[in-house]
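Its first residue numbered 320, the sequence shown is counted upward by one per residue in our numbering. Everything on this sheet refers to the single structure shown next.
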Amino acid sequence: MKTVSLFAATALAIVAIPVSAADTGSFSPQRLSQHVQTLGSDAFQGRAPATEGETLTVDYLSKQFAGAGLQPGGDLTNGKRAWTQAVPLLKSEFASAPHVSLNLAGTATALTQGEQIAVRAPTNGDKALAINGAPLVFVGYGVKAPERNWDDFKGLDARGKILVMLVNDPDFEGGEGDFGGKAMTYYGRWTYKYEEGARQGALGVLVIHETAPASYGWATVKSSNTNAMFDIVRKNPRGEHPPLEGWIQRDLAAQLFTASGTSFEAMKEAAKRKDFKPVPLKAAVDVHGSAKTEVITSHNVVGILPGAARPNETVIYTAHWDHLGIGLPDASGDRIYNGAIDNGTGLAQLIEQARAFATGPRPQRSVVFMAVTAEEKGLLGSEYYAANPLYPAALTAGVINTDVLGVLGPAKDFTIRGNQKFGVLDILVEEGAKRGRRYTPDPRPETGGFFRSDHFTLAKVGIPAMSFGPGQDLVNGGVARAKAWSENYTAKMYHQPADEYSPDWDFTGMAEDAELLHAVGLRLANGSDWPNWSADSEFRAARDRSASERSSVPAASEKKPGERG
Numbered sequence: 320m321k322t323v324s325l326f327a328a329t330a331l332a333i334v335a336i337p338v339s340a341a342d343t344g345s346f347s348p349q350r351l352s353q354h355v356q357t358l359g360s361d362a363f364q365g366r367a368p369a370t371e372g373e374t375l376t377v378d379y380l381s382k383q384f385a386g387a388g389l390q391p392g393g394d395l396t397n398g399k400r401a402w403t404q405a406v407p408l409l410k411s412e413f414a415s416a417p418h419v420s421l422n423l424a425g426t427a428t429a430l431t432q433g434e435q436i437a438v439r440a441p442t443n444g445d446k447a448l449a450i451n452g453a454p455l456v457f458v459g460y461g462v463k464a465p466e467r468n469w470d471d472f473k474g475l476d477a478r479g480k481i482l483v484m485l486v487n488d489p490d491f492e493g494g495e496g497d498f499g500g501k502a503m504t505y506y507g508r509w510t511y512k513y514e515e516g517a518r519q520g521a522l523g524v525l526v527i528h529e530t531a532p533a534s535y536g537w538a539t540v541k542s543s544n545t546n547a548m549f550d551i552v553r554k555n556p557r558g559e560h561p562p563l564e565g566w567i568q569r570d571l572a573a574q575l576f577t578a579s580g581t582s583f584e585a586m587k588e589a590a591k592r593k594d595f596k597p598v599p600l601k602a603a604v605d606v607h608g609s610a611k612t613e614v615i616t617s618h619n620v621v622g623i624l625p626g627a628a629r630p631n632e633t634v635i636y637t638a639h640w641d642h643l644g645i646g647l648p649d650a651s652g653d654r655i656y657n658g659a660i661d662n663g664t665g666l667a668q669l670i671e672q673a674r675a676f677a678t679g680p681r682p683q684r685s686v687v688f689m690a691v692t693a694e695e696k697g698l699l700g701s702e703y704y705a706a707n708p709l710y711p712a713a714l715t716a717g718v719i720n721t722d723v724l725g726v727l728g729p730a731k732d733f734t735i736r737g738n739q740k741f742g743v744l745d746i747l748v749e750e751g752a753k754r755g756r757r758y759t760p761d762p763r764p765e766t767g768g769f770f771r772s773d774h775f776t777l778a779k780v781g782i783p784a785m786s787f788g789p790g791q792d793l794v795n796g797g798v799a800r801a802k803a804w805s806e807n808y809t810a811k812m813y814h815q816p817a818d819e820y821s822p823d824w825d826f827t828g829m830a831e832d833a834e835l836l837h838a839v840g841l842r843l844a845n846g847s848d849w850p851n852w853s854a855d856s857e858f859r860a861a862r863d864r865s866a867s868e869r870s871s872v873p874a875a876s877e878k879k880p881g882e883r884g
C-alpha cells in the first residue's frame, strides 16, 4: 500500500486534467482515461465514505463540474446552492474482528471472520453483538411473497433464532416458484433477505454463498462485508436490520446440513418446492463483537445546467463516486480497493457529459449531474436523494445512470441493467439504431443487476430510470472477448484491490457510449414528453400518482413505452 499525503493527492486531483477550450464539446477518450486514472489511483485511497478519500473525491468532482461549466446544484441555503447534498449516514465498524463460534452437534468450532463467515457490523442501532447459543434454522430462500403464492416461513416463530438462507430466487435453478426463472427479482437480493429476517423478528440472518446464484465469488463477499457498514439514518433501524447479518461459505452450510442428518443438495431441492417448511438445524452459534457506531455526514456531489425554457423540469445523469476504501489485504498484500472500473468509469462519463452539455446549446429543461455516495453500502446516497429530492421527482423526465463502463473499445451493441420496459429505453434504442448499434437485453438477468445500482432507488419513487451497460459484441474480438473480460473481472477484480487502472485500456468505446447517452439526454431535455413505465411495471403506479404535478403538460404526452411522437 502506498502512502500519499493529503497535499500530494489534492495536487494530483487539481492538475490531472486541465480544462482546455480545444477539446470541449466532444467526448475525448484521453480525457475519459485521465479521469479514471486519477480517481482510481492510490492517492484517492479507494474513495470510501467518511474518509480522506471522500474529501479528495468530493473536491475533485466539484472542481471538475465547475470547470465543465455547471452551476452548484446541491443543498439550498439562504437562496444559494452548494456543490453537495449532505447525506447523514449511520456508520458501524467492529473495533476488532468479531469472535464467532459454531456449536455443531455438540462440538464447538471457532470460525474466522472473512474465511468461513463474513459478519457485518450491526446497523440496527446496537453497539455490540452478544449472541450466545442461538439456534440455527434453515428457511430455504427466505422469501415471503403472497402475490406469488410463496412462503418459506410457514408459521415459524423466528424470535431468538438465526435464519440460514440461500441466495437468489426459488426458481433460479428450476424450482416451482414464479420469480422469473434466471431473471432475479428483488426477492433474490441479499438486501431483501436481511429485511425479511427483520420483519420475521429473527435474531439474525446468514446467507449461504454460492458463486453462480450470487454472481460473484467469496472474495467479493469478504471485501464487501468485513469493513465499515453504513445505512441511512432510520427512525426504526430494527425494522430493516436484524442484529446479526452475514454470509457463510457453501462448505460450512454443507457441514451444518450433514450434522443435522441431511445434505446440502437435499435441502436445496426441498427449498425449490412450494411446500417447503423451515428445518431446525442441530447447530447453534455464538457471536461477540464490539462496534463503534456514529452518525457521519457523507455527500452527494451535484451540479446543474439550468434549462432555457422550463428550468423546473429536470433530466438527471447519475454515477456513484464511492468504492470500498482500505480493507483486508489480497494475496499480494494490497489493501487499497481502487475502484477504477467500479465506478471510476461511470464518473468519467458523468464529468465529460456535463462538459458536453455545458458547451452546447442550452437545453429547454434543466440537466442535473449527480455523483452519489455509499452505493457500495446499499445504494444509500441515491436512496437518501429519493427520499429528499433536490428537484421534484414528478418533474424529472428521466434518469441515466452509469455504473461500470467498457474499456475494450467500441461495441456493436449496448444494454441496460434488468429487463424493464419504459419510455427512456425506447429513446435509447432509437438513438442507438441511428448510430448503427443494436440493443441487447441484459445478458445476465440472474445477477439482479437492476437492483444493484442507483437507478433502482429512483425508479421506486416512479422516475423512469435506467442504468446503461456497455455492449457485449465488441468490434475487436466480438462476444468471445467481451465474455472472457467479464468473467475475469468478476472473478479477479470486482470489489477487489485488482480493480486498478491499466494503460492498456481502450476508451474509444466509452466515448461512443457517452455520445449515445448525450443524444438520449438531449431528447429528454429538449422534449415536452414525460416517459413512463410499461403498464405491467411495478414502478408505474408511483409514476402515475404524480401525474397531477405535471398537469401543465398535456396528458397525452405521457406516452407508454413503444408510443412515438
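We treat Cβ as the ideally placed atom computed from N, Cα and C, and that holds for glycine.
*Let me know if residue 466 comes out buried or exposed under the rule of 16 or more other beta-carbons within 10 Å of its beta-carbon.*
exposed
_So for residue 340, helix, strand or coil by DSSP?_
Low confidence applies here, because residue 340 scores a pLDDT of 32, under 50, leaving its location unreliable; read the following figure in that light. Residue state, collapsed to three classes: helix.
*Curious, which full-length alpha helix (DSSP H) runs of at least 4 residues does the segment 761-790 contain?*
774-778
_Coarse secondary structure for residue 483, derived from DSSP in three states_ = strand
*asked:* Please classify residue 633 as buried or exposed, where buried requires at least 16 other C-beta atoms within 10 Å of its C-beta.
replied: buried
*How would you write the range of the beta strand (DSSP E) that residue 404 sits in, first residue to last?*
403-413
*What beta strand (DSSP E) runs, 3 residues minimum, are completely inside the segment 620-646?*
629-639
*In whole angstroms, what is the alpha-carbon distance linking residue 587 and residue 469?*
16 Å
_Please list the terminal residues of the continuous beta strand (DSSP E) segment that includes residue 452._
447-457
*In the DSSP assignment, find the unbroken alpha helix (DSSP H) run with residue 357 in it and report its ends.*
348-358
*Apart from the five residues on each side of it in sequence, which residues of its chain come closer than 7 Å, Cβ to Cβ, to residue 355?*
659, 663, 664, 667 and 820
_Residue span of the alpha helix (DSSP H) that contains residue 544, given as start and end_ = 537-544
_8 Å CB neighbourhood of residue 572 in its chain, flanking five on each side removed_ = 483, 527 and 583
*the segment 395-409 contacting the segment 634-645, beta-carbon criterion three pairs below 8 Å*: no
*For residue 699, count neighbouring C-beta atoms within 10 Å of its own C-beta (all shown protein chains included) and say buried if the count is 16 or more, exposed if not.*
buried
*Would you check if the distance between the CB atom of residue 687 and the CB atom of residue 381 is smaller than 8 Å?*
no
*On the premise that residue 730 lies in contact with residue 346, defined as a C-beta separation below 8 Å, what is that separation, rounded to the nearest angstrom?*
Contact doesn't hold; Cβ gap of about 15 Å is too wide.
*Counting only runs of 4+ residues fully inside the segment 546-616, write out the alpha helix (DSSP H) ranges in chain order.*
569-578 and 583-590
*Going by alpha carbons, who is nearest to residue 486 out of 838, 567 and 812?*
567
*asked:* Determine whether the beta carbon atoms of residue 610 and residue 416 lie at a separation below 8 Å.
replied: no
_Out of 453, 519, 680 and 374, which one is the CA nearest neighbour of residue 422?_
453
*Quick one: Cα of residue 648 to Cα of residue 654, how far?*
4 Å
*Going by beta carbon distance, what residues of the same chain come within less than 6 Å of residue 342, once the five residues before and after it are set aside?*
In this predicted model, residue 342 has a pLDDT of only 35, less than 50, meaning its place in the structure is not dependable; the value taken from the coordinates is given anyway. Around residue 342: no qualifying Cβ.
*I think residue 684 touches residue 626, with their Cβ atoms under 8 Å apart; what is that distance to the nearest whole Å?*
4 Å
*Within the chosen definition, does the segment 845-864 reach the segment 732-746 through at least 3 CB pairs nearer than 8 Å?*
yes
*asked:* What does the alpha-carbon distance come out to for the pair residue 344 and residue 514?
replied: Unreliable positioning characterises residue 344 in this predicted model, as indicated by a pLDDT of 41, which lies under 50. The coordinate reading is nonetheless provided below. Rounded to the nearest angstrom, the two C-alpha atoms are 45 Å apart.
*How long is the line joining the alpha carbons of residue 471 and residue 702, rounded to whole angstroms?*
28 Å
*Which value, in whole angstroms, describes the spacing of the CA atoms of residue 604 and residue 480?*
10 Å
*residue 865 to residue 858, Cα distance in whole Å?*
12 Å
*asked:* Considering Cα atoms alone, identify which of 775, 499, 432 and 518 is closest to residue 477.
replied: 518
_Does residue 814 pass the burial test, meaning 16 or more other C-beta atoms within 10 Å, or should it be called exposed?_
buried
*Could you check which residue in 715, 810, 768 and 760 has the C-alpha nearest to that of residue 790?*
760
*Specify the secondary structure class of residue 853 as computed by DSSP and reduced to three states.*
coil
*If you draw a straight line from the C-alpha of residue 770 to the C-alpha of residue 503, how long is it?*
9 Å
*Cβ of residue 565 within 8 Å of Cβ of residue 544?*
yes
*Mapping DSSP to helix, strand and coil, what is residue 420?*
strand
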